[in-house]
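Chemist: End of the sequence shown = 525 in our numbering, gap-free, step of one.
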Amino acid sequence: MGAAAAGHEDDGLCATVGMAPRFARTIIVVVFGGFFLIAQIHVLMRTLNPLLIAVSCMLMGALLLIQLWYFPSRPRAPERRRGVYLVLGLQVCLVYPPLLVFGQAWVGMPGFLAGSALLVLPQKAAWAAYAAIVASMAVAQAHFSGDYVDIAYTTVSTLITGLIVYGLSRLQELVRQLHDAQRQLAETAVTRERLRFARDLHDLLGYSLSSITLRTELAHKLVLRQPQRARDELEETLRTSRQALADVRTVAHGYRELSLDQECRSVRSVLVAAEVELRMRTDYGDLPARVSTVAATVLREGVTNLLRHSKAENCEITVVEEDGEVAVEIVNDGIDGTLRQSGPRSGSGLHNLSERVQALGGLLTAGADGEGRFRLGVRLPLRQEEHIAPPEHSAAA
Numbered sequence: 129m130g131a132a133a134a135g136h137e138d139d140g141l142c143a144t145v146g147m148a149p150r151f152a153r154t155i156i157v158v159v160f161g162g163f164f165l166i167a168q169i170h171v172l173m174r175t176l177n178p179l180l181i182a183v184s185c186m187l188m189g190a191l192l193l194i195q196l197w198y199f200p201s202r203p204r205a206p207e208r209r210r211g212v213y214l215v216l217g218l219q220v221c222l223v224y225p226p227l228l229v230f231g232q233a234w235v236g237m238p239g240f241l242a243g244s245a246l247l248v249l250p251q252k253a254a255w256a257a258y259a260a261i262v263a264s265m266a267v268a269q270a271h272f273s274g275d276y277v278d279i280a281y282t283t284v285s286t287l288i289t290g291l292i293v294y295g296l297s298r299l300q301e302l303v304r305q306l307h308d309a310q311r312q313l314a315e316t317a318v319t320r321e322r323l324r325f326a327r328d329l330h331d332l333l334g335y336s337l338s339s340i341t342l343r344t345e346l347a348h349k350l351v352l353r354q355p356q357r358a359r360d361e362l363e364e365t366l367r368t369s370r371q372a373l374a375d376v377r378t379v380a381h382g383y384r385e386l387s388l389d390q391e392c393r394s395v396r397s398v399l400v401a402a403e404v405e406l407r408m409r410t411d412y413g414d415l416p417a418r419v420s421t422v423a424a425t426v427l428r429e430g431v432t433n434l435l436r437h438s439k440a441e442n443c444e445i446t447v448v449e450e451d452g453e454v455a456v457e458i459v460n461d462g463i464d465g466t467l468r469q470s471g472p473r474s475g476s477g478l479h480n481l482s483e484r485v486q487a488l489g490g491l492l493t494a495g496a497d498g499e500g501r502f503r504l505g506v507r508l509p510l511r512q513e514e515h516i517a518p519p520e521h522s523a524a525a
């Protein structure tokens, strides 16, 4: 069915898009892990002391855990700043004191601190801290070697490392947000498809069931007095029920066009069977498929409401083409207290009609006309290509 199919397609979309956050996370783990591995190799190049190697491994492991699992998920939220500042202070302790022990082998670590500052501090404070960390490494390298090339290398390395840490962490967050947005869009699409199916099913079965009920009651009354007419009504009921079943299947699979001519004949037959005095005037040519479908839907819904919600004895139906529009009007004298305040948004049926009409740039009016009659009117522009987007895959019933 249409809604089910849409659900399966959107589940597939979510599964595909769901790979993106994991892929981004994997990239960050590999890149950050590579930075720390290079730093550990520098430590091994400067000392083979088992104790120092073990200490450096523990310190780098702690820094990596903080960088991967804490800072990327901590936005600049005021209510979280206290905890953020504590962890940032811990990172400062893991970065600067070891410089005194490991020297130049540790100069790559402050770049991660600089990236963390950009991630979690308020914007002005973040860039000030970032600049201070970069400057501090220039001073530290000057203390270690005094060579201008080494100072420039360390300064640029810290600057770039900080930006890489910040950029990749933010990229991971943006990918996650995009993934959430894609999931919400998929869920919205499924909801819209379910609403479309419910709307079309309401429009379709409301009319068909009203017609079946009416003809069945009439056949029940006539079965003894006029058996031939009762048989005719039952045959018409059977035809309507078969058509309703076929229409339900069509609605489930997508867009269905309605014939305005056929709907006019059907409406006339139903109202005559309901013993409603009908005056009907039609004057239109070949209509665009979408306009014809919506006009036919208006007729169907209007007559359904007449049969279900009123005790009308007289009905006037006008379907005419004029001034580049097709106008549909249904007037009946069966108004009661429940319909006096009706408008284009009252009831799910009229609400559905209003949405269909507006989608084609038309206008729907509904309500009492001051003379004890209920009037439903619709005007639809015939030219759709200039201001109406291509139709979405929707059934009309």
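Glycine included, C-beta positions come from ideal geometry on N, C-alpha and C.
Just so you know, these numbers come straight off a predicted model, no measurement behind them.
Which first and last residues belong to the beta strand (DSSP E) in which residue 182 is found?
Modeler: Per DSSP, residue 182 belongs to no beta strand (DSSP E); it is in the alpha helix (DSSP H), 178-197.
Chemist: Is it buried or exposed, residue 258, if we count other Cβ atoms within 10 angstroms and call 16 or more buried?
Modeler: Answer is buried; the Cβ neighbour count reaches 16.
Chemist: Closer than 6 Å by C-beta to residue 491: which residues in its own chain qualify, once you throw out the five before and the five after it? Chain order, please.
Modeler: 507
Chemist: Under 8 Å by Cβ, that's how I've got residue 406 and residue 399 pegged, so tell me the actual separation to the nearest angstrom.
Modeler: 5 Å
Chemist: Report yes if the CB atom of residue 441 is closer than 8 Å to the CB atom of residue 411, and no otherwise.
Modeler: no
Chemist: Between 267, 292, 291 and 295, which has its C-alpha nearest residue 282's C-alpha?
Modeler: 267
Chemist: Specify the secondary structure class of residue 235 as computed by DSSP and reduced to three states.
Modeler: coil
Chemist: Which class does residue 448 belong to by DSSP, given the choice of helix, strand or coil?
Modeler: strand
Chemist: Are there three or more Cβ pairs, one per stretch, closer than 8 Å when the stretch 442-450 is compared with the stretch 480-496?
Modeler: Between the stretch 442-450 and the stretch 480-496 there are fewer than three inter-stretch CB-CB distances shorter than 8 Å, so the stretches are not counted as touching.
Chemist: Within its chain, find whatever has a CB closer than 6 Å to the CB of residue 344; leave out the 5 residues flanking it on each side and keep chain order.
Modeler: 365
Chemist: So, are the CB atoms of residue 424 and residue 386 less than 8 Å apart?
Modeler: yes
Chemist: Name, in chain order, the residues that DSSP records as bridge partners for residue 411.
Modeler: 448
Chemist: Locate the beta strand (DSSP E) running through residue 508, then write down its first and last residues.
Modeler: 502-509
Chemist: With DSSP run on the structure shown, which of helix, strand or coil describes residue 404?
Modeler: coil
Chemist: Quick check: residue 427 and residue 376, are their CB atoms within less than 8 Å of each other?
Modeler: no
Chemist: Taking the beta strand (DSSP E) that residue 459 belongs to, which residues open and close that run?
Modeler: 453-460
Chemist: Considering residue 491, what are the terminal residues of the beta strand (DSSP E) in which it resides?
Modeler: 491-496
Chemist: Pull up the distance between the alpha-carbon of residue 210 and that of residue 240, whole angstroms please.
Modeler: 20 Å
Chemist: Would you check if the distance between the CB atom of residue 243 and the CB atom of residue 289 is smaller than 8 Å?
Modeler: yes
Chemist: Inspect the beta-carbon positions of residue 90 and residue 238 and report whether they are closer than 8 Å.
Modeler: Since the displayed the chain opens at 129 and closes at 525, residue 90 lies outside it and no answer follows.
Chemist: What's the C-alpha gap between residue 276 and residue 265?
Modeler: 13 Å
Chemist: Drop a sphere of 10 angstroms on the beta-carbon of residue 338, count the other beta-carbons inside from all chains shown, and report buried for 16 or more, exposed for fewer.
Modeler: buried
Chemist: Please give the ranges of any beta strand (DSSP E) in the stretch 208-291, keeping only runs that are unbroken, at least 3 residues long and fully inside the region.
Modeler: none
Chemist: Would you mind giving the Cβ-Cβ distance between residue 149 and residue 304, rounded to the nearest angstrom? I have them listed as a contact below 8 Å.
Modeler: The Cβ separation is near 5 Å, so the contact holds.
Chemist: Residues in the same chain with beta-carbon distance under 6 Å from residue 236, minus the five sequence neighbours each way, listed in chain order, please.
Modeler: 167
Chemist: Starting from residue 435, follow the alpha helix (DSSP H) in both directions and report where the run begins and ends.
Modeler: Per DSSP, residue 435 belongs to the alpha helix (DSSP H) from 417-437.
Chemist: What does residue 442 pair with, by DSSP beta-bridge criteria?
Modeler: 405
Chemist: So what does DSSP say about residue 385, is it helix, strand or coil?
Modeler: coil
Chemist: Quick one: measure Cβ to Cβ for residue 347 and residue 361, integer angstroms, because I've assumed they're closer than 8 Å.
Modeler: 4 Å
Chemist: Using the beta-carbon count (16 or more within 10 Å), is residue 391 buried or exposed?
Modeler: By the 10 Å Cβ count, residue 391 comes out buried.
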